[in-house]
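> Residue numbers (my numbering): -6 to 280. So that we are looking at the same thing, I have put the structure below in C-alpha cells.
Right under this line is the structure:
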C-alpha cells in the first residue's frame, strides 16, 4: 500500500507543479526536457540491479522501455497541441479517462475478477474522474480537431497498459529503477533531437527558474513511474483496482491543493466528482 500512496503523492506533485508553471508563466518545454534527464539519472543511480549497458540492450524489456519512453514525450506534445486546438476541458477529460484502457487490459489479458462490487467501484471511479475535471458541466470540442483528444486518451491508456505488461512479464523490484531510468533516457534523447530541430537556444535551459522546475519535475516523474510499477507488483489489490485507486487518489489530492493553495472554486459537478471518488475508494477497498 505504501508504494501506491507514494505513486499518488508523486503524480499529484506533477499536477501541482504544472499549475505553478502556468501561474508563473514558465515555458514548460524546457523543464520537460530537463525532467527526463533528471529522471533518467535517478533511475541509473538508484539501480540495485548491477547491469552493464551491453546487458541492458540485450534485456528482454528494452523494447518496451523504448516504446514507453517514446510515447511519454510524444503524448506531452499531443496533449499540448490538443489543448490549443481542441480545448483544455475536453483534452483534460480525455487524458484523465485513459485509465479505462489499462483497467480493461488487466481484466481481459490477465483474467482479473469482475464481481458486482468491483464493477460498481470502477464505474464510480470513472464517473469521479470525469466529473472532477469537467468545467461548467459540459464539454466544448472543436470538431475539426476531434482526433487530438482521442489520441491523448489512447496514448495515455497504452502507456499505462504497457507499464502493467512490463511489470507483470519482465520486471522485479530489483530492476524496476533501472527500467524506469532507461525509458526516461529514451525520452531525454528524443527531447534533445526535438530541441535541435526547433533550434532551441542552449542557454534557455540554464535559467535558474527553468533548472529548478525541471529538477523538481524530474524527481516527481521518476517517483511516479517507479512507485507505480512497485504498487502494481506489491499491492494486495488486483491491477485493475490499483489503476482506479491511483487515479482517484490523484484527483482527491490535487483537488485539496487547488482549493487550499490556489483558491480554486469547485462547481457542483466537481463536488459530486469528489464525493464519488470517496465512495469509489470505500467500495474498492472491500474488493
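By construction, the Cβ of each residue, glycine as well, lies at the ideal position given by its N, Cα and C atoms.
(1) How many angstroms separate the CA atom of residue 213 from the CA atom of residue 160?
(2) Please check the pair residue 170 and residue 39, which I expect to be a contact at CB under 8 Å, by giving their CB distance rounded to whole angstroms.
(3) Below 8 Å on the Cβ atoms is my contact criterion, and I expect residue 5 with residue 243 to pass it. Report the Cβ-Cβ distance as a whole number of Å.
(4) Going by DSSP in three states, residue 265 sits in which element: helix, strand or coil?
(5) Are residue 113 and residue 241 touching if we call contact CB-CB under 8 Å?
(6) Tell me which residues share the same chain as residue 163 and place their Cβ nearer than 6 Å to its Cβ, disregarding the 5 neighbours each side in the sequence.
(7) Count the other CB atoms within 10 Å of the CB of residue 108; is the residue buried (16 or more) or exposed (fewer)?
(8) Classify residue 127 as buried or exposed, calling it buried when 16 or more other Cβ atoms lie within 10 Å of its own Cβ.
(9) Look at the alpha carbon of residue 202 and the alpha carbon of residue 19, and state the distance between them as a whole number of angstroms.
(10) Does the segment 141 to 154 come close enough to the segment 89 to 97 that 3 or more CB-CB pairs lie under 8 Å?
(11) Among the residues of its own chain, which have a CB less than 8 Å from the CB of residue 204, if the five just before and after it don't count?
(12) At which residues does the alpha helix (DSSP H) containing residue 68 begin and terminate?
(13) So, at 6 Å on beta carbons, what are the nonlocal neighbours of residue 232 in its own chain, with the 5 sequence-adjacent residues on each side left out?
(14) Just the Cα atoms here: how many angstroms apart are residue 237 and residue 119?
(15) Measuring CA to CA, which of 84, 235, 82, 51 is closest to residue -1?
(16) Let me make sure I understand the geometry here. Which of 1, 260, 23, 16 has the alpha-carbon closest to that of residue 208?
(17) When the Cα atoms are used, what is the spatial distance from residue 221 to residue 7?
(18) Using CA coordinates, which residue listed in 11, -6, 154, 3 is at the minimum distance from residue 206?
To lay it out plainly:
(1) For the purposes of this step, residue 213 is taken as residue 220 along the chain shown, with counting starting at 1. For the purposes of this step, residue 160 is taken as residue 167 along the chain shown, with counting starting at 1. Rounded to the nearest angstrom, the gap between the Cα atoms of residue 213 and residue 160 is 20 Å.
(2) Position 177 of the chain shown, counted from the start, is the residue given in the question as residue 170. Position 46 of the chain shown, counted from the start, is the residue given in the question as residue 39. About 4 Å separates the beta carbons of residue 170 and residue 39, which is inside the 8 Å limit, making them a contact pair.
(3) Position 12 of the chain shown, counting from 1, holds the residue named residue 5. Position 250 of the chain shown, counting from 1, holds the residue named residue 243. Here residue 5 really is in contact with residue 243; their C-beta atoms are around 5 Å apart, less than 8 Å.
(4) Locating residue 265 in the chain shown gives position 272, where the first residue counts as 1. If DSSP states are grouped into helix, strand and coil, residue 265 belongs with the helices.
(5) Within the chain shown, the letter at position 120 stands for residue 113. Within the chain shown, the letter at position 248 stands for residue 241. The criterion of a C-beta distance shorter than 8 Å is not satisfied by residue 113 and residue 241.
(6) Mapped onto the chain shown, residue 163 falls at position 170. These residues qualify, in order along the chain: 53, 54.
(7) Along the chain shown, read from residue 1 onward, the residue named residue 108 stands at position 115. The residue is exposed, with fewer than 16 neighbouring Cβ atoms inside 10 Å.
(8) Here residue 127 is taken as the residue at index 134 of the chain shown, counted from 1. It is buried - the Cβ of residue 127 has at least 16 other Cβ atoms within 10 Å.
(9) Position 209 of the chain shown, counted from the start, is the residue given in the question as residue 202. Position 26 of the chain shown, counted from the start, is the residue given in the question as residue 19. A direct Cα-Cα distance of roughly 8 Å separates residue 202 from residue 19.
(10) Contact between the segment 89 to 97 and the segment 141 to 154 is present, because at least three Cβ pairs lie under 8 Å.
(11) One-based indexing of the chain shown puts residue 204 at position 211. Cβ neighbours of residue 204 beyond the five flanking positions: 27, 198.
(12) Your numbering for residue 68 matches position 75 in the chain shown. 55 to 78 is the span of the alpha helix (DSSP H), which, as asked, contains residue 68.
(13) One-based indexing of the chain shown puts residue 232 at position 239. 99, 157, 225, listed in sequence order.
(14) As a position in the chain shown, residue 237 is number 244, starting the count at 1. As a position in the chain shown, residue 119 is number 126, starting the count at 1. Taking the straight line joining both Cα atoms gives about 8 Å.
(15) Within the chain shown, residue -1 is the residue found at index 6, counting from 1. With distances taken between Cα atoms, residue -1 lies closest to 235.
(16) As a working mapping, residue 208 is identified with position 215 in the chain shown. Among 1, 260, 23, 16, the Cα nearest to that of residue 208 is on 23.
(17) Against the chain shown, residue 221 aligns to sequence position 228. Against the chain shown, residue 7 aligns to sequence position 14. Rounded to whole angstroms, residue 221 and residue 7 show a C-alpha spacing of 14 Å.
(18) Against the chain shown, residue 206 aligns to sequence position 213. For residue 206, the nearest C-alpha among the options comes from 11.
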